[in-house]
Amino acid sequence: MRFLTAISATALIAGLSLGSASAQSSVLIEDNIPAAPVNYELEVLAEGLESPYSVAFLPDEGGFDGDMLVVEKSGELRVFRDDELLPDPVEGTAPVHFNSQAGFLEVALHPDFEENSKIYLVYAHGDERANGTRLSMATWVPTETGGMLEDYEVLFTADPLKQGSAHYGGRLAFLPDDTMLLTIGDGYTQKDRAPKLDNHFGKIIRLNLDGTVPDDNPFVGQDDAKPEIWSFGHRNPQGLIYDPASDTVYEHEHGPKGGDEINIIEPGNHYGWPVITYGIDYSGAVISPFKEMDGMEQPVMHFVPSIAPSGFTLYRGDKFPEWDGDLFIGALAHEHVRRIDMGEDGSFGDQQELFTELGERIRDVRTGPDGHLYVLTDGANGKVIRVKPAR
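Mapped onto mature numbering (1 follows the signal peptide of the UniProt record, and there is no 0), the consecutive letters of the sequence shown carry residue numbers -23 to -1, 1 to 368.
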């Protein structure tokens, strides 16, 4: 491993336009208030990974040795042990459709992992002509060379399948009632189906931990509605977290040209895409003339210009007390981690661009059980980086 230069994190965005939502509209504001300095250093644990996409942390007890699991979008699951990347990929993973935005998207521990050793895996499956987002569960078996998966079980497959290799979503979050949420993108070419309930495009779904459908999902029993749907009208949600302190589900989604959003997710709500949006098409064409409409939720924040968000964490740790309770978002387009200062009342405050010295697209950011932040950079020479207080 190697260390990058220690930095004092005082770089606040000046003159950045962002959206702060009211009940009726999302208002552009500018932020240029200095933030308290935080000294950190960046420790590169490994590099040369094939588009690392997601990270999960195993417990220290039960023979799991505190290993760290990292997904490579190309289809491999890798193991870090004692801060070293083991050479052999995990055995027993399923075939993954790997092309463009398609690939291995998420790894997460079952909430009862210490009792059942189960992990969840989200990935694109199929081929270029027919593919979609799939959720599976398997048993984690640690080995001297890393680990292997047994009892592989498919829990959910998005319906219908689609052509092309874009907009899969693929992020998981766990709720305290023994259910889980999964984001599913609009498939890019299927955006007009995001507001419709007879398909899984552009949805967040809710499942029991065994993959069955909870009886109290908002559209259970409704004709022509998929019973798994929790919320709808999303574009490409690549960040999802549940905050137990506030009992809040935060989601962010990758918008078009402009219009990246942060939303607070409530069951049964319509989040507008593509009927309302703050963005335009990449060609410059208008997607919709509407930014708000009755019966559709406004984002609590939107970003103009786009930051291309991917990865999401709400920091709860003791290594950086100045950041406690703040949101962190990976930014692919602007090559940084975006920090949003959160008030005790849940209000959205100042923003910072962090870790710009990397000069890398950020795919994921997570809080580790050791209180450090962990950052995954995108691309064929992907890195796994630990953010530590400066020595």
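Glycine included, each C-beta is placed from N, C-alpha and C at the ideal position. These numbers were taken from a predicted model, which means no experiment stands behind them.
- Per DSSP, the unbroken alpha helix (DSSP H) holding Phe90 starts and ends at Phe90 to Asn93.
- In this structure, Ser113 sits away from Gly216, with a CB-CB distance that is not shorter than 8 Å.
- Straight-line measurement puts the Cα of Lys268 at about 46 Å from the Cα of Glu91.
- DSSP links Lys365 through a beta bridge to Glu18.
- Taking C-alpha positions only, Gln167 is separated from Phe178 by approximately 7 Å.
- Nearest neighbour of Arg148 by Cα position, chosen from Ile161, Thr354 and Pro233, turns out to be Ile161.
- For His313, same chain residues with a beta-carbon under 7 Å away, outside a window of 5 residues either side, are Glu330, Leu331, Phe332, Thr333 and Ile339 in chain order.
- The alpha carbon of Glu68 has as its nearest neighbour, out of Arg183, Leu174, Val21 and Val118, the alpha carbon of Val118.
- A residue is called buried once 16 or more other Cβ atoms fall within 10 Å of its Cβ, and Ser142 is buried on that count.
- Between Val361 and Ala23, the gap from beta carbon to beta carbon is short of 8 Å.
- A residue is called buried when at least 16 other Cβ atoms come within 10 angstroms of its Cβ; Gln275 meets this threshold and is buried.
- For the pair Pro298 and Val15, the Cα-to-Cα distance works out to about 9 Å.
- Contact between the stretch 117 to 136 and the stretch 37 to 52 is established, with three or more Cβ pairs separated by less than 8 Å.
- Burial is judged here by how many other beta carbons sit within 10 angstroms of a residue's own beta carbon; Glu205 has at least 16 and is buried.
- Straight-line spacing of the CA atoms in Tyr219 and Asp169 works out to 28 Å.
- In its chain, beyond the 5 residues on either side, Phe34 and Tyr351 have a beta carbon closer than 6 Å to the beta carbon of Gly345.
- The distance from the Cβ of Met273 to that of His247 is about 5 Å, consistent with a contact at the 8 Å cut-off.
- Nearest in C-alpha terms to Val84, of all of Leu63, Leu126 and Ala107, is Leu126.
- Pairwise C-beta distances place the stretch 276 to 296 out of contact with the stretch 257 to 267, as fewer than three of them are shorter than 8 Å.
- If the five residues before and after Ile253 are omitted, its C-beta is found closer than 8 Å to the C-beta atoms of Ser265, Phe267, Lys268, Glu269, Met270 and Met273, all from its own chain and listed in chain order.
- When secondary structure is reduced to three states using DSSP, Lys203 falls in the coil class, being assigned neither helix nor strand.
- Across the structure, Ala367 and Trp300 are spaced so that their CA atoms are roughly 15 Å apart.
- Between Pro221 and Gly256, the C-beta gap is not smaller than 8 Å, which leaves the two residues out of contact.
- Note that the C-beta distance between Arg316 and Gln328 is below 8 Å.
- Met157 is bridged by DSSP to Phe151 and Leu184.
- Taking 8 Å as the cut-off, the beta carbon of Leu291 is found closer than this to the beta carbon of Gly302.
- For Val190, the closest of Lys139, Arg58, Leu132 and Val226 by C-alpha to C-alpha distance is Leu132.
- Ala285 and Asp295 have their C-alpha atoms roughly 29 Å apart.
- In this structure, Gly235 is the residue among Met319, Leu26, Gly235 and Ile239 with its C-alpha nearest to the C-alpha of Gly261.
- Thr122 is bridged by DSSP to nothing; it lacks a bridge partner.
- The Cβ atoms of Arg55 and Pro66 lie closer than 8 Å to each other.
- Taking 8 Å as the cut-off, the beta carbon of Lys180 is found no closer than this to the beta carbon of Phe151.
- Cβ atoms of Asp355 and Ser28 come within 8 Å of each other, at about 6 Å.
- Annotated as proximal: Tyr17 and Val364, with beta-carbon spacing under 8 Å.
- In the DSSP annotation of this structure, Ala143 is not part of any beta strand (DSSP E), being labelled neither H nor E.
- In the displayed model, Thr254 falls within coil according to three-state DSSP, outside both helix and strand.
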